[in-house]
Amino acid sequence: MQNSSVFNFLKTLPFLALLLNATLFGNALTQYRLYGIKNLEKQMDFDLTQQSYWYNIVKNRDTRFGYIEAYENILLCDKSKSTLSLYMKDAKENYTLTKTYNAYTGKVKGDKAREGDLRTPVGIYNITKKLSKVDSFYGPMAFVTSYPNLYDRYLGKNGSGIWIHGLPTEQERDKFTKGCIAINNPSIECLDRNIDINKTVLIIQEQTKDETVSKQALTEILSQLYEWRYAWIYNELEEYLSFYDDAFKRFNGANLESFKRYKKRVFQKAEKKTIRFNDINVIPYPEHENMYEITFYEFYKSNSFTFTGKKTLIIKLVNHNVKIITEQ
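All letters in the sequence shown, in the order written, are residues 10 to 337 by the working numbering.
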């Protein structure tokens, strides 16, 4: 094309884009023309609460482990089989089984509840750091997990020092641990080469269930997560609080009534808020039917407060309704 022809063609692109979806663009432009950007933003915040939007997001995703945006690697420990399996996200964003390692777990069966009970916990954990210099009993390295997590603390569990580690380099060991997950030394070195600990989640189960997580349940959860956000942004106190379970307890120990009083004071300020969620993960909580861990990176800004960081909700799905039982 001549330069003038290219220029004339480029001038038509906005018009061509409008023709692709005249109704959508027309409605948006009309909202903006009549009411300004604030009204349009509110409409789009509302649209994010719609199940139809989230179903289109979820329908073609690999949901064997839930809805996952942030993690490139999934470590799945099956205590009944004494295995630790590594799944890695491929180019199509499916999680492919890459390695399965033989693993030792706690001497005593069942979920960990207290310090020294010799049980390996059941739950969803992050790897908080890698230890390269450890006692020879733990092999060449260890990965520290986030036990006790938010739900563990909600249940009153205690204890610490749950690691994924190697085997002794200078002595024999039993075929069980005090609660950690132990794999042989070539395996721990292989694991180290294949994971980024900041993009890895550890799921520990008593026994793996070979089933895909319901896309309908994930759609309901994601749409209601954004209903909760909508109520939060636009100071709809009663709607916001309706998402909390009667047994709710905040990470700091505050019960539902205390939390309601606190939120009432905050909402009475009627401040304009900006709230964004990124890197959302919705993972079924092991051994708990209709319970999920939701994590995301939150950006929150009002006139009086700013927060950026990880947010965690533990929720139940009760008659298709999200109920938050604890949060941090």
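Just so it is clear, CB atoms sit at the ideal spot from N, CA and C, and this is done for glycine as well.
query                                                                                                                        : result
Straight-line gap, T186 to T283 (C-alpha atoms, nearest Å)                                                                   : 47 angstroms
Neighbourhood of L19 by C-beta distance below 6 angstroms, restricted to the same chain and skipping five residues each side : Note on L19: pLDDT 38, under 50, position unreliable in the model; no value is reported.
Reduced DSSP category for I192 - H, G, I as helix; E, B as strand; rest coil                                                 : coil
Contact belief for D288 with F316 at Cβ below 8 angstroms, rounded distance in angstroms                                     : Going by Cβ atoms, the distance from D288 to F316 rounds to 15 angstroms, so no, they are not a contact pair.
Minimum Cβ-Cβ distance from E50 to chain C less than 7 angstroms                                                             : In summary, chain C is missing from the structure at hand, where a single protein chain is found.
D288 - containing beta strand (DSSP E), residue span                                                                         : 283 to 293
Counted within 10 angstroms of its Cβ, other Cβ atoms place D9 as buried (16 or more) or exposed                             : The question about residue 9 has no answer here: the residues shown for the chain are numbered 10 through 337.
Residue from N65, K47, T335, Y134 with nearest C-alpha to L265                                                               : T335
CA-to-CA distance, T114 to D56, given in whole angstroms                                                                     : 46 angstroms
Nearest to Q60 (by Cα), restricted to the options M300, K320, F74, E236                                                      : E236
Alpha-carbon spacing of T58 relative to N65, whole angstroms                                                                 : 13 angstroms
Inter-residue CB distance, I133 and I212 (contact presumed, cutoff 8 angstroms)                                              : 6 angstroms
Sub-7 angstroms separation of D3 and Y104 beta-carbons                                                                       : Shown here, the chain extends from 10 to 337; a query on residue 3 therefore has no answer.
Buried or exposed (CB count within 10 angstroms, at least 16 for buried), F260                                               : exposed
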